[in-house]
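Under mature numbering (1 follows the signal peptide of the UniProt record, and there is no 0), the residues of the sequence shown are numbered -20 to -1, 1 to 129, in order. The structure appears right after this line, and notes come after that.
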Amino acid sequence: MKKILFVLSISLFSLIEVNAQVEYKVVTSIESIVPNGLGRSRMISANEKKDYKEFTTTQTEDDNSRNKSKRDEIRVKGYDETKLLNFYNVGGIRFQNIAANDAIITSKINTMIEEGWELAFVNSAVESEGGKGDGKGIFITRYLFKRNI
């Protein structure tokens, strides 16, 4: 008898999950890996919504015309910009800065969870020129949140 009740509760949970409308939000952290602390590090979160369809064209064999979306129409002017510290200073890698960034990012994640968001996925990447005298580089992380609406 207990097994049947358990199966029913899973089925009901699945029905609720399938019928729920979900919204997503991306928060991005960009942390500079430029030597000597010359870079800029920030956490960015858009406050405006955009419809990607307004800036999308479909390329076909018959019509391969260029996408004529204007950059100023695509740009988001309403966003939160949180200052983070760079990974490096004049003395090299600064572990205290990394710990400070972790605390700020954790605060953002915890606040969003309190607001009903769930951290669904995290993706990170590093970009660096890598050539002689490499003076460019970022460590970027995208946090994808979701919540039922």
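Note that beta-carbon positions come from the ideal geometry of N, C-alpha and C, so glycine has one too.
Neighbour-count burial assignment, residue 112, 16 or more Cβ in a 10 Å radius: Residue 112 comes out exposed.
Nearest by alpha-carbon distance to residue 31: which of 100, 85, 54 is it? Of the residues 100, 85, 54, the one whose Cα lies closest to the Cα of residue 31 is 54.
Pull up the CB-CB distance for residue 6 and residue 122, whole angstroms please, since I reckon it's below 8 Å. Indeed, because the Cβ distance is near 6 Å, the residues count as touching under 8 Å.
Taking only three categories from DSSP, how would you classify residue 48? Residue 48: coil per DSSP, three-state reduction.
Quick one, which of 22, 4, 1 has its alpha-carbon nearest residue 118's? The shortest Cα separation from residue 118 among 22, 4, 1 belongs to 22.
Three-state class that DSSP yields for residue 116 in the structure shown: Residue 116: coil per DSSP, three-state reduction.
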